[in-house]
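Remarks on the structure that follows.
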Amino acid sequence: MLKIIMAVSGIVLVGFLFAHMAGNLKIFVGQESFDHYAHWLREIGEPALPPVWALWIMRVGLLVSVIAHIVSAAVLTVRARKARPVRYAHRPKVQGSYAARTMRWGGVIVFLFIIWHLLDMTTGTVHPEFDPAKPYANVISAFAPERWYVTAFYVLAILAIGFHLRHGIFSAVRTLGQQSARGERIAKTIALVLSVILVAGFLSVPFAVLTGLVS
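Residue 172 in our numbering sits at position 146 of the sequence shown, with consecutive numbering throughout.
Written out as structure tokens, the structure reads:
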């Protein structure tokens, strides 16, 4: 059951990431388009819902998915350790991809990044030039050369998400029932392609700002 919760919550988060990436890429269309998109997010559901309510409902849903994903992973990890309490001195190395071996640390990096990103681009707590009325300008100033450490952390986190996603999509497909050899090959290919698209899409924004393509 925990594996299913982990898989389903992961799928929800992947869907959010691709939607978020698509929204970020609007910055290449221009300031007016990007600002309109950012303000539209706050108006979803009107007049049936008050302003920003729909956005907060989505945020709560995402928070629940993140918590469910982390808790499921933690419990499964503890269970795996208890099932093998004795560490063998000469135990052979477990075969697996680099992504699989770095899932744990990658998850920690992503979690810390989510906290920073919210404080930086949602509340503006750690963003000295943050202005909620100017989303486009916030992105430009967030990745300014003098804030190189923010860009470096962003790149590290996106790469961690890419590795996490590559292994996570494949694991989710297996958990949900696909275990044939052909199906696994297809799942690995899809996971790799989606991961590359996601990483390239997210990283294109800070690199465009640093190179002056977007200013």
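All residues carry an ideal CB built from backbone N, CA and C; glycine is no exception.
Fill in: Simplified DSSP state of F156, which is helix, strand or coil
For the purposes of this step, residue 156 is taken as residue 130 along the sequence shown, with counting starting at 1. Three-state DSSP puts F156 in coil, outside helix and strand.
Discussion item. For the ligand MN, is there any heavy atom lying closer than 7 angstroms to the beta carbon of L39?
Written reply: With respect to small molecules bound, the structure shown includes none, and the ligand MN cannot be examined in it.
Item to complete: Give a yes or no on whether the C-beta atoms belonging to V40 and I195 are separated by under 8 angstroms.
Response: Within the sequence shown, residue 40 is the residue found at index 14, counting from 1. Within the sequence shown, residue 195 is the residue found at index 169, counting from 1. Taking 8 angstroms as the cut-off, the beta carbon of V40 is found closer than this to the beta carbon of I195.
Fill in: Rounded separation between P76 and L88 - CA only
On the sequence shown, position 50 is the one that residue 76 refers to. On the sequence shown, position 62 is the one that residue 88 refers to. Near 20 angstroms, if we compare the C-alpha coordinates of L88 and P76.
Discussion item. Helix, strand or coil for I209? Go by DSSP, reduced to three states.
Written reply: As a position in the sequence shown, residue 209 is number 183, starting the count at 1. Rather than Ile, the amino acid found at residue 209 in this sequence is Gly. G209 sits in a helix when the DSSP states are folded into three classes.
Worksheet item: Hey, how far is the Cα of A168 from the Cα of K108?
Response: Reading the sequence shown from its first residue, position 142 is the one you call residue 168. Reading the sequence shown from its first residue, position 82 is the one you call residue 108. Cα-Cα distance, rounded: 44 angstroms.
Worksheet item: Can you tell me where the alpha helix (DSSP H) with E58 in it begins and where it stops?
Response: Numbered from 1 along the sequence shown, position 32 holds the residue referred to as residue 58. Annotation for E58: the continuous alpha helix (DSSP H) segment containing it runs 57-69.
Worksheet item: With N50 and V231 assumed to form a contact (beta carbons below 8 angstroms), what rounded beta-carbon distance in angstroms separates them?
Response: Locating residue 50 in the sequence shown gives position 24, where the first residue counts as 1. Locating residue 231 in the sequence shown gives position 205, where the first residue counts as 1. The Cβ separation is near 5 angstroms, so the contact holds.
Practice prompt. Since I believe A186 is in contact with V136 (beta carbons under 8 angstroms), could you give me their beta-carbon distance rounded to a whole number of angstroms?
Written response: By one-based count along the sequence shown, residue 136 stands at place 110. By one-based count along the sequence shown, residue 186 stands at place 160. In this structure, V136 and A186 form a Cβ contact; the two beta carbons are roughly 5 angstroms apart against a cut-off of 8 angstroms.
Worksheet item: Counting pairs of Cβ atoms below 8 angstroms between the segment 56-64 and the segment 152-169, do you hit three or more?
Response: Contact holds between the segment 56-64 and the segment 152-169, because three or more Cβ pairs, one in each stretch, are under 8 angstroms apart.
Discussion item. Contact defined as beta carbons within less than 8 angstroms: I believe G36 pairs with A198. What is the distance between those atoms, to the nearest angstrom?
Written reply: Within the sequence shown, residue 36 is the residue found at index 10, counting from 1. Within the sequence shown, residue 198 is the residue found at index 172, counting from 1. Contact flag correct, Cβ pair sits at about 5 angstroms.
Fill in: Check whether V235 and I166 have beta carbons under 8 angstroms apart
Numbered from its first residue, the sequence shown carries residue 235 at position 209. Numbered from its first residue, the sequence shown carries residue 166 at position 140. For V235 and I166, yes; Cβs fall inside 8 angstroms.
Practice prompt. Would you kindly work out how many angstroms separate the C-alpha atoms of A93 and E72, rounded to a whole number?
Written response: In the sequence shown, the residue the question calls residue 93 occupies position 67. In the sequence shown, the residue the question calls residue 72 occupies position 46. Contrary to the premise, residue 93 reads as Ile rather than Ala in this sequence. Between I93 and E72, the alpha-carbon positions lie close to 29 angstroms from each other.
Discussion item. Less than 8 angstroms between the beta carbons of V181 and I53, yes or no?
Written reply: In the sequence shown, the residue the question calls residue 181 occupies position 155. In the sequence shown, the residue the question calls residue 53 occupies position 27. Going by C-beta atoms, V181 is not nearer than 8 angstroms to I53.
Discussion item. Considering Cα atoms alone, identify which of N164, Q205, L67, T151 is closest to W82.
Written reply: As a working mapping, residue 82 is identified with position 56 in the sequence shown. The candidate whose alpha carbon is nearest that of W82 is L67.
Discussion item. Tell me which residues share the same chain as A106 and place their Cβ nearer than 7 angstroms to its Cβ, disregarding the 5 neighbours each side in the sequence.
Written reply: As a working mapping, residue 106 is identified with position 80 in the sequence shown. There are no such residues.
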